[in-house]
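Participant:
Numbering (our numbering), first residue to last: 4 to 274.
Encoded structure:
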């Protein structure tokens, strides 16, 4: 006899497949800013910043965040990458480029590997758990890692891919803490499409965010420019969860820019 959770997975996969088949091209891009993107500075990614900007413009994005891995990851760029990041134009091919980082959560106490002056030129911070930086723990330990990170590091803007199956967490506690501290929760397209992140986990996280009215961002976590801004599977999951549009933070680029401007005292040029 099939386990109920297995049946639920099949039902969701079938629903996603059917919806993707019926989506019109105009339906497919429903975010204005993709806020978790990797360039070839992260050595398991494959595109330059110029290629990313060109593809973002072609896709119709108005902004993207360049968020290469911070230094504790084996494939990260040297710290000088982040010290020098302000040389990247704020706008390329008409698309705003937020100079960011994907910081690593180091331990269950929430320490991250970007601190002090290393953050001086950074405009957007995603914080995530990755192997081999932090060994997976219990649900309580993994949850504490994320919550302590946002409590102790006000630079963090987004909690990244917390639906990853190797780091199980309490989604209600995550959503509640993110709401309290003004941190966004990520729905990660790459996790849904390519990694061991289940559709049920995303639905559970979305339901928790609805309960606490916690804003989310829907990001690709793209490692190749050709998929920047493409969040088709995530869109279907949002529909399945009946998730309110007003809680999807990056559907409106102006909301993103106002947030960054206020938090980091940046003025974005109209040119």
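Glycine included, C-beta positions come from ideal geometry on N, C-alpha and C.
Measuring only from the beta carbon, is residue 111 closer than 7 Å to any heavy atom that is part of the ligand GDP?
Facilitator: Judged by which ligands are present, the structure shown has none, so any question about the ligand GDP falls away.
Participant: Given a threshold of 16 other Cβ atoms within 10 Å of its Cβ, counted over all protein chains shown, does residue 142 qualify as buried or as exposed?
Facilitator: Indexing the chain shown from 1 puts residue 142 at position 139. Exposed is the call here.
Participant: Assess, as a yes-or-no matter, whether the segment 62-70 is touched by the segment 36-44 under the definition of 3 or more beta carbon pairs within less than 8 Å.
Facilitator: yes
Participant: Report the residue from 53, 233, 207 and 211 whose alpha carbon sits nearest the alpha carbon of residue 95.
Facilitator: Residue mapping note: residue 95 aligns to position 92 of the chain shown, counting from 1. That would be 53, whose Cα lies nearest to the Cα of residue 95.
Participant: Quickly, what does DSSP pair residue 72 with across the bridge? List them, please.
Facilitator: Residue mapping note: residue 72 aligns to position 69 of the chain shown, counting from 1. Bridge partners of residue 72: 105.
Participant: What did DSSP end up calling residue 121 once you bin it into helix, strand or coil?
Facilitator: Residue mapping note: residue 121 aligns to position 118 of the chain shown, counting from 1. Reduced to three states, the DSSP call for residue 121 is helix.
Participant: Give me the residue from 183, 256, 60 and 202 with the minimum Cα distance to residue 280.
Facilitator: Residue 280 is absent from the structure shown; the chain starts at 4 and stops at 274.
Participant: For the structure I just gave you, are there three or more beta carbon pairs, one from the segment 140-158 and one from the segment 81-93, closer than 8 Å?
Facilitator: no
Participant: For a quick check, are the C-beta atoms of residue 251 and residue 219 less than 8 Å apart?
Facilitator: Here residue 251 is taken as the residue at index 248 of the chain shown, counted from 1. Here residue 219 is taken as the residue at index 216 of the chain shown, counted from 1. In this structure, residue 219 lies closer than 8 Å to residue 251 by Cβ.
Participant: Can you tell me which of 171, 71 and 261 puts its alpha carbon nearest to the alpha carbon of residue 116?
Facilitator: Translated into the one-based positions of the chain shown, residue 116 becomes position 113. When each option's Cα is compared against that of residue 116, the closest is 71.
Participant: Can you tell me which residues form a DSSP beta bridge with residue 219?
Facilitator: Walking along the chain shown from the start, residue 219 turns up at place 216. In the DSSP output, where bridge partners are listed per residue, residue 219 has 188 and 251.
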